[in-house]
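*Asks:*
Numbering (our numbering), first residue to last: 699 to 1581.
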C-alpha cells in the first residue's frame, strides 16, 4: 500500500503548481517576521515552535481586523436586527486553520510557512483547544456562530471566558483521571480584552420598596470584563463577535490600608469574586445547590443584557447619532436565543431592568420580554432539567425571586381561568415546584418567558410537545416548533477532510461550501467508476494517516484496511457505550470459539469523557479499557479485532478520527437523544451509520430511506410499551446465550482477574436499574452488526466506499426512484431522496447550522458586497489545493 503524501510534500506540490499569488506569500512572510520580532521579541535563533505558532496566528489575525472593524461599523450605522446567542458553553476547538480557510488564506499561509522552512501541521498542533464546553451543546453553539457569520447575520455569541475549560482526560490503569485544562497558560492570540466595556454584576443584598419604585440595594459587586474573539464568515468579509465575560474583583486594595489579617481576607475575597469565571462545570446534571454555578448563570446574563441594552440605545442614522429613549422597538431590533436553561435568568433580569431601572409598566415590560426571547430545549431526561432551590435564589438574587413569583402568579391566574376545574394542572405548570422542597423549574420559566420554544430534532420536538411539556403545548401549540440541529461544513469537511472536499469541488464546483443543497448535483456521478475509486482512495488515505497517529500517540498498531467502527461522544448510560462493549466481547468470543472462521477485521474506537462525579460513566470507561487489555493482547485474535479507547476526546481529535471512519455508531435508546450532530459530521465525511430511530437519525432515515441506514432496535413506542409492561433484564439474559456469556465474563472477573468483583455495580445496574434497556436491544444490535460486516466483506475493505456508491435504485411508496444512502453517505443523509425529486430544495440543507429566529423575523443583513476587498482576498480559495 502506497504511503500517503505528508502535508509538507503536498505543500511542495502546491508550490510547484504556482497557484498562490506571490505578493500574498511575501506579505504573509513579512507579517510573520514582524510579529516574531516586535510582538514576541524573538529571532529565529531563540524562537520555539510555540513562538512560530503565535507569530502566524497574529499574522492571520491582522487580516481579520479590518473586516472586523468594518463589520461592526456597518451594524452600528445600519442598525439591523441583531441575534444574541446566550450559552454557557462554546466548544470552539482550534481557531487558526478555520480562520485561514474562511478568509481564503490557507494556501498562501501554507506556502509562506513552507518557504520559511517550517511545518504548518506542527504549528497547528501547538494550538490549544478552546474547550469551553462539555460536548454537543457547546459544539452546536460554535457551529451556529460560524454559520451566522457565513450567512451575514448581525450575530453575537455571549458566554463566559473560563480560565479552565473541560478537563483534560488521562487514562491511568484503565481509569479516567481528570487534570485541569489550563488552556490560557500560554495566552490566546485571538482574543481582545475590552476593559472600556467592563460592567458591574450584583449579588446578595436586599430589596427596598419605596414610592419611587423598587431597588435592589446593599449588594456585593463583581465586575464583568469582556474579551472579544472574531468569528469570520466564509469568504464574505463578515466578521462577527463572540464576547466572553471574565469576573474581576471590583477594587484593588492598598496594602497600606490593611493590617496583615485584613490583607489575607482581602485576597481571599478577591479570589472568591474571580472564581465565577474560573472553571467550566462538567455536565454531571447535579448543579442544584451549587451556589457558584448559579452565580455563573446570573453573571453571564446580567453582563450580557446590560451590553445588549447599551448597544440598542446607541445607534446611528446617516450622519447623526441618536440615543433611543423608548423600548417599543426592542423586539424588532433584538432577538435573544437561550441555549438550554442555563441562561434562563435572563428573563427575570430583563424584567428587572425594564421595571426597576427603565420604569416601564409590568404589562409592557412582560410583552417586550416575551417577544425578545426564544428557548432551545436540549434534553428530555428529567434529571437534566435544571431546578434551583428557592432558598438559594432568595439568598443570591432576592429581587429576581420576587419577579419570578410575580411571573408565576400571573401565569397561574391565566391557567386557572382557562382550566377552572383542573387543580392538578396548576401544580404541573407552576414555575415553583413544591415537592421535596421549593424549587424553581427553569425550563418552565423559559417556556413562559419566550415567544418560541424549539426542540432540536423532529422526534425530540414531538416528545417535548406530547410528553415533557405537554400541558404547555396544549396551552400554546403555536409556540412549540422544531429546529433540527446542524453543523458547519467549513470545519467538518473543508478543514478536516480536504481530500474529499477537493473531489467534490472538481465535480460540482465550490458553491456547496455555503449551500449544501448543491451536493444533489453529485447524483450524476454515481456511475463514474474513476470518481468512486478516488472516493475510496481518500478514505483509505485518511485511515492510514489516523493509524499512524494511533501508533504514535497510543502505541497501538492496527490494520488500516480493517473496518474503523467509531463511537465517540460523551460517556453516558443513555448513549449506550455499554451495548457497544458487549458487542466487542461477543465478537471476541466468536473468534476464540472458531479462530479459523472468516472474520471481517474490525477496529472499534470508543472515545469520550465522563463527568467527574458520574460513577457509572467512569465504570463504563474502566470496563472498555479492561476489555481492550484482553482483546488487544490475545494472540488468537491478532489483528482481526482491536478495541481502542481514545484518551481526551476533543474537537481537534474529532477532526482526525471522523474522516477516517467507516461506521458511525449512534445507538442511544430511542427517545433519549435530543438530536446529535456527530451523526451528520460522520455522514458528511463518507461514513455509514448504525443507529436507533432516535434524534436526528430519524430524519436522516426519512430523507434517504430507512433501508439505507443500519437501523436496529426498539422505537419510541416500543420503549413505552416495554416500560408499561415492565422491563425484565433477566429474561433477555436467560434467552440469549451470547449475551449471557458476555455478562458472566464481566461479572466473574474474566476482564479484571485481580479484582473479580470490580464491575459488580455495572452488572447490578444492568439487571435492576437500567433505564436505557441495553439487554433489550442487544440481539437486534448484534444482528445488525453482522449485516455491516457482510457488506464490508463484499466491499473488500478499501473499496467499501466504491461499493456503497454503486447505484441500486429502489422504489419507495410514492414511486419516486431513490438511490440507497449507502451509495451516497458522502452527501449526508439523503439529498437524493424522494423529496429532492419532488422539490428542488435539498433536504439536507437544513443541517447547516443556522440561527433560530421567529419565522416572522426579517433576515437581517450582513456586510454588503460593496465592501472593497483587501488584496489578500483577490485570490479565491481553491479547494483543489487544500491540504
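Glycine included, every Cβ here is placed at the ideal spot set by N, Cα and C.
Fair warning: this is a prediction, and the values are worked out from it, not measured in the lab.
Measuring alpha carbon to alpha carbon, tell me which of 1325, 1244, 1126, 1259 ends up nearest residue 1195.
*Replies:* If we check each option's Cα against that of residue 1195, 1244 comes out closest.
*Asks:* Give every residue of the same chain whose Cβ lies closer than 7 Å to the Cβ of residue 1068, excluding the five residues on either side of it in the sequence, and list them in chain order.
*Replies:* Here the set comprises 1147, 1148, 1149.
*Asks:* If distances are taken between C-alpha atoms only, which option among 877, 878, 1479, 858 comes closest to residue 925?
*Replies:* Closest option to residue 925, Cα to Cα, is 858.
*Asks:* Mind pulling the alpha helix (DSSP H) runs of 4 or more residues that sit fully within the region 728-781?
*Replies:* Runs found: 747-776.
*Asks:* Please go through the region 1205-1283 and give each complete beta strand (DSSP E) segment of 3 or more residues, from N-terminal end onward.
*Replies:* Complete beta strand (DSSP E) runs here, min 3: 1261-1266.
*Asks:* How close, in whole Å, do the beta carbons of residue 1105 and residue 1378 come, if the pair is a contact with beta carbons under 8 Å?
*Replies:* Not a contact, Cβ separation roughly 37 Å.
*Asks:* Assess, as a yes-or-no matter, whether the region 810-827 is touched by the region 839-852 under the definition of 3 or more beta carbon pairs within less than 8 Å.
*Replies:* The region 839-852 is not in contact with the region 810-827.
*Asks:* State the start and end residues of the unbroken alpha helix (DSSP H) segment that holds residue 1435.
*Replies:* Residues 1435-1445.
*Asks:* By DSSP's criteria, residue 907 is part of a beta bridge. Which residues make up the other side?
*Replies:* DSSP lists 912 as partners of residue 907.
*Asks:* Are there 16 or more other CB atoms within 10 angstroms of the CB of residue 1274, so buried, or fewer, so exposed?
*Replies:* Buried is the call here.
*Asks:* Considering only residues of the region 1085-1136, which uninterrupted alpha helix (DSSP H) runs meet the minimum length of 4 residues and lie entirely inside it, listed in chain order?
*Replies:* Segments of the alpha helix (DSSP H) lying fully in the region 1085-1136: 1088-1094, 1096-1116, 1121-1127.
*Asks:* Taking the alpha-carbon of residue 1318 as reference, which of 840, 1304, 734 has the nearest alpha-carbon?
*Replies:* Per the Cα distances, 1304.
*Asks:* Give me the Cα-Cα distance between residue 1246 and residue 1234, rounded to the nearest whole angstrom.
*Replies:* If you take the alpha carbons of residue 1246 and residue 1234, they lie about 18 Å apart.
*Asks:* Excluding the 5 residues preceding and the 5 following residue 1410 in the sequence, name in chain order all residues of the same chain whose CB lies nearer than 6 Å to its CB.
*Replies:* Excluding residues within five positions, the ones whose Cβ falls inside 6 Å are 1478, 1479, 1482.
*Asks:* Applying the criterion that 16 or more other CB atoms from any shown protein chain within 10 Å of the CB defines a buried residue, is residue 815 buried or exposed?
*Replies:* Under this definition residue 815 is an exposed residue.
*Asks:* Would you tell me roughly how many angstroms separate the C-alpha atoms of residue 1152 and residue 947, rounded to the nearest one?
*Replies:* Between residue 1152 and residue 947, the C-alpha separation is close to 37 Å.
*Asks:* Less than 8 Å between the CB atoms is what I'm expecting for residue 1070 and residue 1048, so what's the real figure, rounded?
*Replies:* Indeed they touch by this definition, with Cβ atoms about 7 Å apart.
*Asks:* Output the distance between the C-alpha atoms of residue 730 and residue 757, rounded to the nearest integer angstrom.
*Replies:* One C-alpha to the other measures close to 6 Å.
*Asks:* On a Cα-Cα basis, can you pick out the residue from 1456, 1112, 764, 779 that is closest to residue 801?
*Replies:* Taking only the C-alpha atoms, the option nearest residue 801 is 764.
*Asks:* Return the bridge partner residues of residue 799 from the DSSP annotation.
*Replies:* Answer is none; residue 799 lacks a bridge partner.
*Asks:* Just the C-alpha distance for residue 1538 and residue 1298, rounded to the nearest angstrom, thanks.
*Replies:* Bear in mind that a pLDDT of 25 at residue 1538, under 50, signals an unreliable position, so the number given afterwards is only what the model happens to contain. Straight-line Cα distance between these residues: approximately 40 Å.
*Asks:* Please report the Cβ distance between residue 789 and residue 1154, rounded to the nearest whole angstrom; I am assuming they are in contact, meaning their Cβ atoms lie under 8 Å.
*Replies:* The pair is not a contact, with the Cβ atoms about 16 Å apart (cut-off 8 Å).
*Asks:* For the alpha helix (DSSP H) that contains residue 1329, what are its first and last residues?
*Replies:* First-last of the alpha helix (DSSP H) with residue 1329: 1313-1330.
*Asks:* Taking the runs of the alpha helix (DSSP H) that are 4 residues or longer, which of them lie wholly in the region 1338-1392?
*Replies:* If we require 4 residues or more, the alpha helix (DSSP H) runs fully inside the region 1338-1392 come out as 1349-1355, 1376-1382.
*Asks:* When you compare the CB positions of residue 1315 and residue 1076, do they come within less than 7 Å of one another, or not?
*Replies:* No; because the gap between Cβ atoms is not below 7 Å, this pair is not in contact.
*Asks:* Less than 7 Å separating the beta-carbons of residue 1241 and residue 1223?
*Replies:* No, the pair does not count as a contact, with Cβ atoms beyond the cut-off.
*Asks:* Using the rule of at least 16 other Cβ atoms within 10 Å of the residue's Cβ for burial, across every protein chain shown, is residue 1199 buried or exposed?
*Replies:* Looking at its Cβ environment, which holds 16 or more other Cβ atoms inside 10 Å, residue 1199 is buried.
*Asks:* Return helix, strand or coil for residue 1008, following the three-state DSSP convention.
*Replies:* Residue state, collapsed to three classes: helix.
*Asks:* Quick check on DSSP: helix, strand or coil for residue 1424?
*Replies:* Correct three-state label for residue 1424: coil.
*Asks:* Since I believe residue 1006 is in contact with residue 1032 (beta carbons under 8 Å), could you give me their beta-carbon distance rounded to a whole number of angstroms?
*Replies:* At roughly 6 Å, the Cβ-Cβ gap stays under 8 Å, so residue 1032 and residue 1006 are in contact.
*Asks:* Could you please give the first and the last residue of the uninterrupted beta strand (DSSP E) stretch that includes residue 1152?
*Replies:* Unbroken beta strand (DSSP E) run through residue 1152: 1150-1153.
*Asks:* Using a Cβ-Cβ cutoff of less than 7 Å, which residues in the same chain neighbour residue 1283 once the five nearest sequence positions on both sides are dropped?
*Replies:* Excluding residues within five positions, the ones whose Cβ falls inside 7 Å are 1325, 1440, 1443.
*Asks:* Tell me whether the beta-carbon of residue 1124 lies closer than 7 Å to the beta-carbon of residue 1139.
*Replies:* Contact flag unset, no.
*Asks:* Using C-beta distances below 6 Å, list every residue in its chain close to residue 892, excluding the 5 sequence neighbours before and after it, in chain order.
*Replies:* Once the five neighbours on either side are set aside, the close Cβ partners of residue 892 are 924, 926.
*Asks:* Look up residue 653 in the DSSP assignment and say whether it is helix, strand or coil.
*Replies:* There is simply no residue 653 to check, as the chain begins at 699 and stops at 1581 in what is shown.
*Asks:* Could you work out which residue in 1489, 1166, 1343, 1035 is closest to residue 839 when comparing CA atoms only?
*Replies:* The residue with the shortest Cα to Cα distance from residue 839 is 1035.
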